[in-house]
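Report on the structure given below.
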Amino acid sequence: MTDPILEVRNLSTHFFTDDGEVKAVRGVSFSVSPGETLGIVGESGCGKSVTAMSVLGLVQRPGKVVGGEIMFKGRDLLKFTKEELRNIRGRDIAMIFQDPLSSMNPVLRVGYQIDEAMYAHDKIPKDDVKPRGIDLLRQVRVSDAERRINDFPHQFSGGMRQRAMIAMGLSNKPDLLIADEPTTALDVTVQAQILELLRDLNEQTGAAIILITHNLGVVAGLCKRVLVMYAGEIVEEGTAEQIFERPQHPYTWSLLRSVPRIDASRGHRLLSIEGLPPDLIDLPQGCKFNPRCPFRVERCFSESPPIEQVAPAQHAACWVTMERAYAEMGAGTITDTSPGAASGVHPGGRTLPVAEVQAAIGGASGD
Amino acid sequence: MAAIATPALEEYAGGTIAREQVGLWRDGFRRLRRNRLALAALVYLTLLVLLAVVAIFWTPYNPATILPHTLTFEAPSAAHLLGTDDLGRDLLSRMMQGAQISLIVGVGTSLIVLTVGVVVGLVAGYFRGWIDTVISVFINIFYGIPGILVAIILYLVLGRGLLNIMIAISATAWMDMARLVRGQAFSIREREYIEAARASGARSGKILFGHILPNALGPIIVQATFVIPIAILTEAFLSYLGLGIPSPLASWGSIASEGYAALPLEPYMMLWPAIALSVTLLAFNFLGDGLRDAFDPRQRR
Amino acid sequence: MLTRGTLIYIAQRLALILFTLIVVSFLVFITVHSLPGSAFESEKVHGKALQLVLHEYGLDRPILVQYWSFFTNAIHGNLGVSFQIRGLPITPVVMRELSVSAELGGTALLITIGLGTTFGVLAAIRQNSWVDYTLTSIAVVGYSVPSFVLAGLGVLIFSYWLPTVTNGVISYPAEWSGTYGTILELSLPAIILGFYTSGQVTRITRAAMLEVLQQDYIRTARAKGLKSRVVTVRHALRNALIPVISILGPLVISIITGSVIIENIFGIPGLGKEFVESILQADYNITVAVFTVYALLIGIANLIVDLLYTVVDPRIRY
């Protein structure tokens, strides 16, 4: 096992707004090995984008990284000067964003924007820049690259623009490419093409990829390892297989149960997660998912669970874990996923016997 | 996919956090109150209006009277707080009268522009068709003519007088307003509740004034506020050239003109109207800015 | 860039300008000739002698006939003759004064754009700092304080309190040496005129920059590791200039309006001064001529601005 190229330790980023201090990212730790594909999954507002932006020092006022270390090739990025960070950006770590139309400058030619990424750093010799630009465009499968390189962004289609953005990102042969929701703004068929492209580029160039998305399906296609984030924390991480087939955190489990599947049986019910994510200014005590978790226990209200190993190479932050939920709370046959429904535990100490709760649920009419 | 739509919070990397949905008007007034410059401007203007109202009933001296026992070009003194002018008239009284004139011309012109511009704009923007084409062509032709030239000519044709100067200045100013209103009518027209109103049989007039106008009110008010300093400035300049308010009426512009000619002897006479005009125009501009910032929906944080 | 579409567009616009000129000159002609009084009336010339003079100038013909002859003459570049100065052809006079006004206006335009964009950019990148508040306030002061106030202040400062600095060149009452004045004489009026309109440019630039800096492509540019000055100028400013160009048209009109005022204050022999004089002296042919020239100027300026769009924003093509 080689040393990871990126190691994030206990990263915390807060936003100091007029309405209060938004604790967007709290104590996030993960690492990326060379050439690895890592997916970061979570709903809007869970902190995944902010985490990525923090790595490159792109978080703007009123946001600020308030703690932790970001070790890139052994050096802490948070201690870098502005100039040193600028050097890393686009050269060793590259980032591409969600909407390729608004992410490119409309008044500059596509080729110019790709080339300027290379001119700005010293990795590619000046004379090689222009031909490499055309080459990159070919690599990302834009046809007629020699002509297209002189076009303006509005002359490209959505998928082509994103490919151009990928070309821009990879132009300086970075060690790590961070892709923040790269397919969200695209059609489904184009999405698949982009993901395939990213996979191939990962193999060809050996650049590690962090893929940020709220779409589980996207992650399944590309990433070897997956992180699940909720309300600013990592709640689970493991290999793609583990996450999809044996999720241990109730949130991950709920997400998977709520995705419609073509191969599901007719009677298979889509389960929803009741409630809303917590207010990041005024966070609840204990486990942040407890207000919505069907399997919560007493401890979840008062203590926040640490990330612990639940299987080889898999970690989750939960007092209960799905293993126990399946064994003791009837998670396999559950029909009601309202908070505390399966465990019978509610705030204020009201604890109903599980069997009575299930009987009550089974007898209730409607949903 | 995420199981539940989560509207409460969005990624902050450059986006906005919307913690509560506040009504546009309430939010706007709240922001306006926080804008200290706009508030200061409002206070000043209120005082100015009060001064002008007082001047209707009382001024220290008659602004037109040449006082027999005073000297000309007196410096400010106890008897004449702002001094006297080149003919021995009390400057404070004349300045108060000037305040009346400036305010009347400013607000009056704005009202004319408001009325004409809104009506024309609404008609053009809502009914479209040939009416809109005719109006638009008309506006496009005359849009480029400098208002001041037209104002000078029109004013001469109409003859001197307060109402006439307001008409002369509005002659080109209404077109800007009409354009703005037309644009607003265009876009608001397309919104669903207008279709709903039409489907339920509401008459055009009711739709125009009951639905479209209220929604366009924000930018319209801002624009109307900005017409006032332009009108005051134009009138001041015309009076300065001797083409404006006839003497012996005192407009700040005419006082300034007489003061400019007397500059080597007596700086005060030009100083007072200069200050008054500058501060008043500044106040209106700050107020307009404040209104615009307060009601701009894109600026909500 | 000079595509067929563009040429057609230019042709259409020129036709529109011509149409506008006809309508405007007609209206002004009629209006002005309906004014009471005439340049020829005085104690000496009345009665039969007046009739003769009027006939000599064709002023006793019906208005429409008069306009028609004016129009046909104008097309050939002959804008008529002056009343005041008997028989003086107007065209060369107007042309000369046009160049003077252009000198003043052009200088002022450069000052306006230079000052305005610089202030606007600085205010935007240091938003809400003291730099921002100061520059924004200067901008508001710029277009609030009337130009004759600034002019008076300028004359006061430079003629009386600092006569040594300018060697008493800016004298009072201000005058203009020769046709084009000296640099020193040009500087004060041009600066005042330029400062007056720069306020608008500052505000628009600042607002545009603020909006552009929020855009995603700025985030991309930073993520690419570009130097911050490069991001500001190459990426942000180029896009922010687009709304600025959109006010260039009204800006030219503002400068023209302002030049009318400034020329009269400083005694600069340009179109603005001529316009006012011609009205005061009832020399109406000149009034019509000047007005028409102004309208032509504005029409062409607007056309140039619209063409400028295609250069700056590749998404716009006619």
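Protein chains in written order, with this note's numbering: chain A, 1 to 367; chain B, 1001 to 1301; chain C, 2001 to 2318.
Don't be surprised by glycine CBs; every beta carbon is placed ideally from N, CA and C.
Being a predicted model, the structure only gives us computed values, none of them experimental.
Contact with chain C is absent for A:Ala-167, since none of that chain's Cβ atoms lies less than 8 Å from the residue's Cβ. Going by DSSP, A:Glu-233 is part of the beta strand (DSSP E) stretching over 233-239.
If you draw a straight line from the Cα of A:Leu-136 to the Cα of A:Glu-146, it is about 11 Å long.
DSSP places C:His-2235 in no beta strand (DSSP E); its state is neither H nor E. If you compare the alpha carbons of A:Phe-244, A:Glu-43, A:Ile-273 with that of A:Ser-254, the shortest gap goes to A:Ile-273. When Cβ-Cβ separations below 8 Å define contact, C:Gly-2299 makes contact with chain B. Contact between the stretch 2249-2261 of chain C and the stretch 1212-1232 of chain B is not established, with fewer than three Cβ pairs separated by less than 8 Å.
Of the residues B:Ala-1196, B:Trp-1272, B:Met-1177, the one whose Cα lies closest to the Cα of B:Ser-1093 is B:Trp-1272. For the stretch 2207-2260 of chain C, the continuous alpha helix (DSSP H) assignments of 4+ residues that do not extend past its boundaries occur at 2216-2223, 2238-2246, in sequence order.
Residue pairing by DSSP places B:Thr-1084 opposite B:Asp-1090 in a beta bridge.
Relative to A:Leu-177, the option among A:Ala-164, A:Ile-210, A:Leu-201 whose CA is nearest is A:Ile-210. Excluding its 5 nearest sequence neighbours in each direction, A:Ala-192 has C-beta neighbours in its own chain below 8 Å: Gly-221, listed in chain order. Going by beta carbons, B:Asp-1086 and B:Glu-1258 fall inside the 8 Å limit. Taking 7 Å as the upper bound on Cβ-Cβ separation, chain B lies near residues Ile-2253, Ile-2256, Thr-2257 of the stretch 2227-2258 of chain C.
Between A:Glu-245 and the set A:Arg-141, A:Val-226, A:Val-8, A:Ile-124, the nearest pair of CA atoms involves A:Val-226. A contact between stretches requires three or more CB pairs, one per stretch, nearer than 8 Å, and the stretch 2245-2255 of chain C meets this requirement with the stretch 2303-2312 of chain C. By the C-beta density criterion, A:Asn-202 is buried, having at least 16 other C-beta atoms within 10 angstroms.
Your pair B:Gly-1121 and B:Leu-1180 checks out as a contact, with CB atoms roughly 7 Å apart and the cut at 8 Å. Counting only runs of 4 or more residues that sit fully inside the stretch 292-355 of chain A, the alpha helix (DSSP H) segments are 298-302, 321-328, in chain order. Taken in chain order, the members of the stretch 2213-2227 of chain C whose beta-carbon sits within less than 8 Å of a beta-carbon on chain A are Gln-2215, Asp-2216, Tyr-2217, Arg-2219, Thr-2220, Ala-2221, Arg-2222, Ala-2223, Lys-2224, Gly-2225, Leu-2226, Lys-2227. By the criterion of a C-beta distance shorter than 8 Å, A:Val-8 is surrounded in its chain by Val-28, Ser-29, Phe-30, Ser-31, Thr-51, Val-55, Gly-68, Glu-69, Ile-70, Met-71, once the five residues flanking it on both sides are discounted.
Inter-residue distance for A:Ala-327 and A:Pro-174 is about 46 Å (C-alpha atoms, whole angstroms).
C:Thr-2072 is outside the set of residues whose beta carbon lies under 8 Å from a beta carbon in chain B. C:Val-2094 and C:Leu-2016 have their alpha carbons spaced roughly 23 Å apart.
By the CB criterion at 8 Å, C:Ser-2144 and B:Asn-1285 fall inside the cutoff.
Rounded to the nearest angstrom, the Cβ distance from A:Pro-294 to A:Pro-250 is 7 Å, consistent with a contact under 8 Å. Residues Lys-48, His-214, Val-228, Met-229, Tyr-230 of the same chain have their beta carbon placed closer than 7 Å to that of A:Gly-42, with the five preceding and five following residues left out of the count.
Counting of Cβ neighbours within 10 angstroms places A:Ala-317 among the buried residues, the total reaching 16 or more. Annotation: the continuous alpha helix (DSSP H) that includes C:Gly-2142 extends over 2130-2144.
Per the DSSP secondary-structure output, A:Thr-13 pairs in a beta bridge with A:Val-25, A:Val-65. The beta-carbon distance between B:Tyr-1260 and B:Ala-1185, rounded to whole angstroms, is 45 Å. This is too long to meet the 8 Å contact definition. Taking C-alpha positions only, B:Thr-1234 is separated from A:Val-190 by approximately 60 Å.
Nearest neighbour of C:Leu-2213 by Cα position, chosen from A:Gly-159, A:Arg-163, A:Ser-103, turns out to be A:Ser-103. Listed by position along chain C, the residues whose Cβ is nearer than 8 Å to that of A:Met-95 are Ala-2223.
Residue environment: A:Pro-247 is assigned as buried (16 or more neighbouring CB atoms within 10 Å of its CB, all protein chains considered).
In the displayed model, A:Val-259 falls within coil according to three-state DSSP, outside both helix and strand.
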